[in-house]
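Protein chains in written order, with the working numbering: chain A, 20 to 321; chain B, 20 to 321. Even for Gly, the Cβ is constructed at its ideal location relative to N, Cα and C. No experiment lies behind these values; they were computed from the predicted model shown.
Number of protein chains: 2
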Amino acid sequence: MRRCIKCGKKAQIYLHSHRLSLCGEHYLEWFENRVERTIKEFNMFTKEEKILVAVSGGKDSLSLWHALIKLGYQADGFYINLGIGDYSQKSLQKAKDFAEKHQLTLHTLDLSKEIASVPELKSYDSRPACSLCGSVKRYYMNKFAREKGYTVLATGHNLDDESAVLFVNTLNWNVEYLKRQYPVLPEDDGFVRKVKPLCKISEKESALYAVLSGIDYIEEECPFSEGATSIEHKLYLSQLEDKSPGTKLRFYSEFLRKLYPLLKESSKGNLQKCEVCGEPSSNSLCNVCRLKLKLSSQKEKI
Amino acid sequence: MRRCIKCGKKAQIYLHSHRLSLCGEHYLEWFENRVERTIKEFNMFTKEEKILVAVSGGKDSLSLWHALIKLGYQADGFYINLGIGDYSQKSLQKAKDFAEKHQLTLHTLDLSKEIASVPELKSYDSRPACSLCGSVKRYYMNKFAREKGYTVLATGHNLDDESAVLFVNTLNWNVEYLKRQYPVLPEDDGFVRKVKPLCKISEKESALYAVLSGIDYIEEECPFSEGATSIEHKLYLSQLEDKSPGTKLRFYSEFLRKLYPLLKESSKGNLQKCEVCGEPSSNSLCNVCRLKLKLSSQKEKI
Chain A
20 MRRCIKCGKK AQIYLHSHRL SLCGEHYLEW FENRVERTIK EFNMFTKEEK
70 ILVAVSGGKD SLSLWHALIK LGYQADGFYI NLGIGDYSQK SLQKAKDFAE
120 KHQLTLHTLD LSKEIASVPE LKSYDSRPAC SLCGSVKRYY MNKFAREKGY
170 TVLATGHNLD DESAVLFVNT LNWNVEYLKR QYPVLPEDDG FVRKVKPLCK
220 ISEKESALYA VLSGIDYIEE ECPFSEGATS IEHKLYLSQL EDKSPGTKLR
270 FYSEFLRKLY PLLKESSKGN LQKCEVCGEP SSNSLCNVCR LKLKLSSQKE
320 KI
Chain B
20 MRRCIKCGKK AQIYLHSHRL SLCGEHYLEW FENRVERTIK EFNMFTKEEK
70 ILVAVSGGKD SLSLWHALIK LGYQADGFYI NLGIGDYSQK SLQKAKDFAE
120 KHQLTLHTLD LSKEIASVPE LKSYDSRPAC SLCGSVKRYY MNKFAREKGY
170 TVLATGHNLD DESAVLFVNT LNWNVEYLKR QYPVLPEDDG FVRKVKPLCK
220 ISEKESALYA VLSGIDYIEE ECPFSEGATS IEHKLYLSQL EDKSPGTKLR
270 FYSEFLRKLY PLLKESSKGN LQKCEVCGEP SSNSLCNVCR LKLKLSSQKE
320 KI
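Quick look at the structure:
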């Protein structure tokens, strides 16, 4: 019988990649310590700062929010209603229930009032749904956080997400993307600081934390994510992880430790302000304003 | 019906990753041109230099030797008898037959006379057979080439080999190894130049060239290579290649183009001479002399 390394009680959990046996109670402690260590390692934020957590209603973002509160950080939630039918309704409810249960502040924003729902956007734009949705979300998350006086925006990206993106960008040696693959993007003209405190926590570990903390999260995946290439690459990496536990963590951490410093040396991309909305953008017209333009010209045609 | 892009005759070959249809004759031409372009791209060697081709009797090294001769290079062969029973006997015969058929010079070296056969070495050393054998072969190939006045040593490493090694070193971000992952290692104190002219040719392409050129090569794999991790990673990359033809080539070429220049900047490892044999080595005692020492002390015990 495996025993908890902390208290000697029967272990409920065995973490392969860390070769660690833990009981439920000490797993929660381990998880929160690991989040805290990651925050400190990358100088993400302090207890004095106001943090906005991007909440989707899923295990990662709710676990993150929960852990931050338990660790004593000032963290409010922000939910963007993407207008994806039943999926959005359910996930919004999970986020609201969580906030209410823990007496936390949850801000919400309705994408269809700001620009259009994701299904509508998708019908006007040929990009993969995840990339389209991601770019629109990033825009409103940053704008909202800045306007409401939050200095930090925290997202629930986990090790599986980060290592899969790293994997794709590595297969193509997409150096410009690799340069941005860091768990902290510092504040910059018009941008709040962006952080990923779960970057060293696997998907399984975050699901386990949610379950053991009694967090009620939405289990189904977004219907638009089906067939996304990132899912394929996650599967590949999971095959490697099964053969050699710790592969994902090593791949990601060693990138940050050994390769990232070499890449960082190179020059920054030049950022400007969008001519229409004034938000920071790499082009004279930002992504969202370009989408708005496309939408209105399509509607005129009809 | 697919037609040869060169002559319009019925195509025998379709190269997925290049989206190219070719007849047999023009495939041979394409292959040789591709080898020539790789030699030029990386300034590997000129027609005035004496090249030693490391020949194993397999498709890659014999195809390389064949192509170099057809392209007008001065290339002699070098076969190391590893003493792996039937496998070595057969592969030596293939190499000899090839040299005789094309009236070329083949040098041979018997490993068991120099140090010990690979099976014997394996019983004294715990390293994986491939890594042990590789390190001993590199030593004798370099020594032989230098002593016989060859300026260049060419090996038949193909795109599948190179991308698999790159893949492993990338998963671990083994920066010191990545720095050496270039198809030309320039001559250095005690080292002849080492080149890999097939680095942009896939395993399938090289097998096809051998078959269409009437080269009789050994098809079986070395019995010691079974279970080697490199085979696993090759399989894995091949899955990616099947889904998206060109993945291996892009992964390898873009590494050379975008990442390698950033890595190269960093400092060189300091090379010294082995205190016993005087060959270049990264330690005071080279790999081979260390093995010899081990062997003799083991034999004394018996």
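Member of Ala135(A), Lys89(A), His85(A) whose CA lies at the smallest distance from the CA of Ala118(A):
Taking the first residue of the first sequence as position 1, residue 118(A) is located at position 99. Among Ala135(A), Lys89(A), His85(A), the Cα nearest to that of Ala118(A) is on His85(A).
Practice task
Name, please, each residue of chain B whose Cβ falls closer than 9 Å to the Cβ of Val184(A).
Solution key: In the first sequence, residue 184(A) corresponds to position 165, counting from 1. Going along chain B, no residue has its Cβ under 9 Å from Val184(A), so there is no contact; the nearest lies around 15 Å.
Chain B beta carbons: is any one of them nearer than 8 Å to that of Leu254(A)?
As a first step, residue 254(A) must be located in the first sequence, where it is residue number 235. No, no contact with chain B.
### Query
So, are the CB atoms of His252(A) and Cys218(A) less than 8 Å apart?
Taking the first sequence and counting its residues from 1, one reaches residue 252(A) at position 233. Taking the first sequence and counting its residues from 1, one reaches residue 218(A) at position 199. In this structure, Cys218(A) does not lie closer than 8 Å to His252(A) by Cβ.
Would you mind stating whether Leu87(B) and Val72(B) have Cβ atoms separated by less than 8 Å?
-> Translated into the one-based positions of the second sequence, residue 87(B) becomes position 68. Translated into the one-based positions of the second sequence, residue 72(B) becomes position 53. Yes, the pair counts as a contact, with Cβ atoms nearer than the cut-off.
> With C-beta atoms as the reference, is Leu151(A) less than 8 Å away from Met160(A)?
Replying inline: Reading the first sequence from its first residue, position 132 is the one you call residue 151(A). Reading the first sequence from its first residue, position 141 is the one you call residue 160(A). Going by C-beta atoms, Leu151(A) is not nearer than 8 Å to Met160(A).
*At 8 Å on the CB atoms, spell out the chain A contacts of Lys277(B), in chain order.*
Position 258 of the second sequence, counting from 1, holds the residue named residue 277(B). Result: Trp192, Val194.
- Enumerated in chain order, which unbroken segments of the alpha helix (DSSP H) with a length of 4 residues or greater are wholly contained in the stretch 215-270 of chain B? 222-231, 248-262
- For Leu281(A), decide whether its Cβ has a neighbour in chain D, counting only Cβ atoms nearer than 8 Å. Absence of chain D from the displayed structure is noted, the protein chains being A and B.
Report task. For the alpha helix (DSSP H) holding Thr189(A), just list the boundary residues, first then last. Result -> Against the first sequence, residue 189(A) aligns to sequence position 170. Per DSSP, Thr189(A) belongs to the alpha helix (DSSP H) from 178-190.
Next on the checklist: Helix, strand or coil, according to DSSP, for Lys292(B) in the structure here?
Outcome noted: If you number the second sequence from 1, residue 292(B) lands on position 273. Secondary structure at Lys292(B): strand, using DSSP grouped into helix, strand and coil.
Report task. Note down, in chain order, each residue of its chain lying with its Cβ closer than 7 Å to the Cβ of Arg21(B), except the 5 sequence neighbours on either side. Result -> The residue you call residue 21(B) lines up with position 2 of the second sequence. Same-chain partners within the cutoff: Ala30, Tyr33, Ser40.
Taking the continuous alpha helix (DSSP H) assigned at Asp144(A), which residues delimit it?
-> Along the first sequence, one-based indexing puts residue 144(A) at 125. Run containing Asp144(A): none; DSSP gives neither H nor E here.
Checklist line | CA-to-CA distance, Ala135(B) to Ile24(A), given in whole angstroms | finding: Taking the first residue of the first sequence as 1, we reach residue 24(A) at position 5. Taking the first residue of the second sequence as 1, we reach residue 135(B) at position 116. One C-alpha to the other measures close to 48 Å.
**Message:** Taking its Cβ as the centre, do 16 or more other Cβ atoms sit within 10 Å of Gln325(B), making it buried, or is it exposed?
**Reply:** Coverage of chain B is limited to positions 20 through 321, which leaves residue 325(B) absent and any answer about it impossible.
Q) Using a beta-carbon distance below 8 Å, is Phe64(A) in contact with chain B? A) Looking up residue 64(A) in the first sequence gives position 45. Cβ-Cβ to chain B under 8 Å: no for Phe64(A).
His121(B) (DSSP reduced to helix, strand or coil) = For the purposes of this step, residue 121(B) is taken as residue 102 along the second sequence, with counting starting at 1. DSSP places His121(B) in coil when its eight states are reduced to three.
According to DSSP, is Glu208(A) helix, strand or coil? As a working mapping, residue 208(A) is identified with position 189 in the first sequence. Looking at the sequence provided, one finds Asp at residue 208(A) rather than Glu. Correct three-state label for Asp208(A): coil.
**Study point:** Helix, strand or coil at Gly96(B) according to DSSP, with G and I counted as helix
**Key:** Along the second sequence, one-based indexing puts residue 96(B) at 77. Three-state result, Gly96(B): strand.
query = Under 8 Å between C-beta atoms, does Phe61(B) make it to chain A?
reply = Position 42 of the second sequence holds residue 61(B). No, Phe61(B) lies away from the interface with chain A (no Cβ there is under 8 Å from its Cβ).
query = Less than 8 Å separating the beta-carbons of Ile220(A) and Arg56(A)?
reply = For the purposes of this step, residue 220(A) is taken as the residue at position 201 of the first sequence. For the purposes of this step, residue 56(A) is taken as the residue at position 37 of the first sequence. No, Cβ-Cβ distance for Ile220(A) and Arg56(A) is not below 8 Å.
**Asked** Given that Glu206(B) touches chain A, what residues does it touch there, using C-beta distances under 8 Å?
**Response** As a working mapping, residue 206(B) is identified with position 187 in the second sequence. Residues of chain A passing the Cβ test: none, with the nearest at roughly 27 Å.
inquiry  = Taking 8 Å as the threshold (C-beta atoms), are Val194(A) and Leu278(B) in contact?
reply    = For this step, residue 278(B) is matched to residue 259 along the second sequence. For this step, residue 194(A) is matched to residue 175 along the first sequence. Result yes, Cβ atoms of Leu278(B) and Val194(A) sit closer than 8 Å.
Rounded to the nearest angstrom, how far is the Cβ of Ala183(A) from that of Ser249(A), given a contact under 8 Å?
-> For the purposes of this step, residue 183(A) is taken as residue 164 along the first sequence, with counting starting at 1. For the purposes of this step, residue 249(A) is taken as residue 230 along the first sequence, with counting starting at 1. About 5 Å separates the two Cβ atoms, so the contact holds.
- Under 8 Å between C-beta atoms, does Ser36(B) make it to chain A? Position 17 of the second sequence, counting from 1, holds the residue named residue 36(B). For Ser36(B), the answer is no, since every Cβ of chain A falls outside 8 Å of its Cβ.
Between which two residues does the alpha helix (DSSP H) holding Ser82(A) run? Here residue 82(A) refers to the residue found at position 63 when the first sequence is read from its first residue. Unbroken alpha helix (DSSP H) run through Ser82(A): 78-89.
Q. Are the CB atoms of Phe270(A) and Leu259(B) nearer to each other than 8 Å?
A. Numbered from its first residue, the first sequence carries residue 270(A) at position 251. Numbered from its first residue, the second sequence carries residue 259(B) at position 240. Not closer than 8 Å, so no.
For this session: Please confirm whether Asp180(A) and Lys267(A) have their CB atoms less than 8 Å apart.
Result: Numbered from 1 along the first sequence, position 161 holds the residue referred to as residue 180(A). Numbered from 1 along the first sequence, position 248 holds the residue referred to as residue 267(A). Contact annotation: Asp180(A) and Lys267(A) have beta-carbon atoms that are not nearer than 8 Å.
Give the straight-line distance between the Cα atoms of Ser286(A) and Glu222(B), rounded to the nearest whole angstrom.
-> Looking up residue 286(A) in the first sequence gives position 267. Looking up residue 222(B) in the second sequence gives position 203. Because Ser286(A) carries a pLDDT of 49, less than 50, the predicted location of this residue cannot be relied on, and the following value inherits that uncertainty. One C-alpha to the other measures close to 38 Å.
I'd like to know whether the C-beta atoms of Gly322(B) and Lys113(B) end up nearer to each other than 8 Å.
Residue 322(B) lies beyond the residue range present for chain B, which begins at 20 and ends at 321; the question has no answer from this structure.
Below 8 Å CB to CB, which residues in the same chain sit around Lys69(A) once its five sequence neighbours on both sides are set aside?
On the first sequence, position 50 is the one that residue 69(A) refers to. Result list for Lys69(A): Gln93, Asp95, Gly168, Tyr169, Thr170, Val171, in chain order.
Check: With distances taken between CB atoms, is the gap from Lys213(B) to Leu227(B) smaller than 8 Å?
Finding: Counting from one through the second sequence, the residue named residue 213(B) turns up at place 194. Counting from one through the second sequence, the residue named residue 227(B) turns up at place 208. Result no, Cβ atoms of Lys213(B) and Leu227(B) do not sit closer than 8 Å.
Got a sec: is the Cβ-Cβ distance from Arg199(A) to anything in chain B below 8 Å? Here residue 199(A) is taken as the residue at index 180 of the first sequence, counted from 1. Not closer than 8 Å to any Cβ of chain B, the Cβ of Arg199(A) fails to qualify, so no.
Query - Rounded straight-line distance, which links the Cα of Gln291(B) to that of Ser301(B) - result: Residue numbering aside, residue 301(B) sits at position 282 when the second sequence is read from its first letter. Residue numbering aside, residue 291(B) sits at position 272 when the second sequence is read from its first letter. Cα-Cα distance, rounded: 6 Å.
Report the CB separation of Asp79(A) from Ser244(A) in whole angstroms; it is logged as a contact under 8 Å.
Here residue 79(A) refers to the residue found at position 60 when the first sequence is read from its first residue. Here residue 244(A) refers to the residue found at position 225 when the first sequence is read from its first residue. Not confirmed; about 14 Å, so no contact.
- Helix, strand or coil: which one does DSSP assign to Tyr33(B)? Walking along the second sequence from the start, residue 33(B) turns up at place 14. Three-state result, Tyr33(B): strand.
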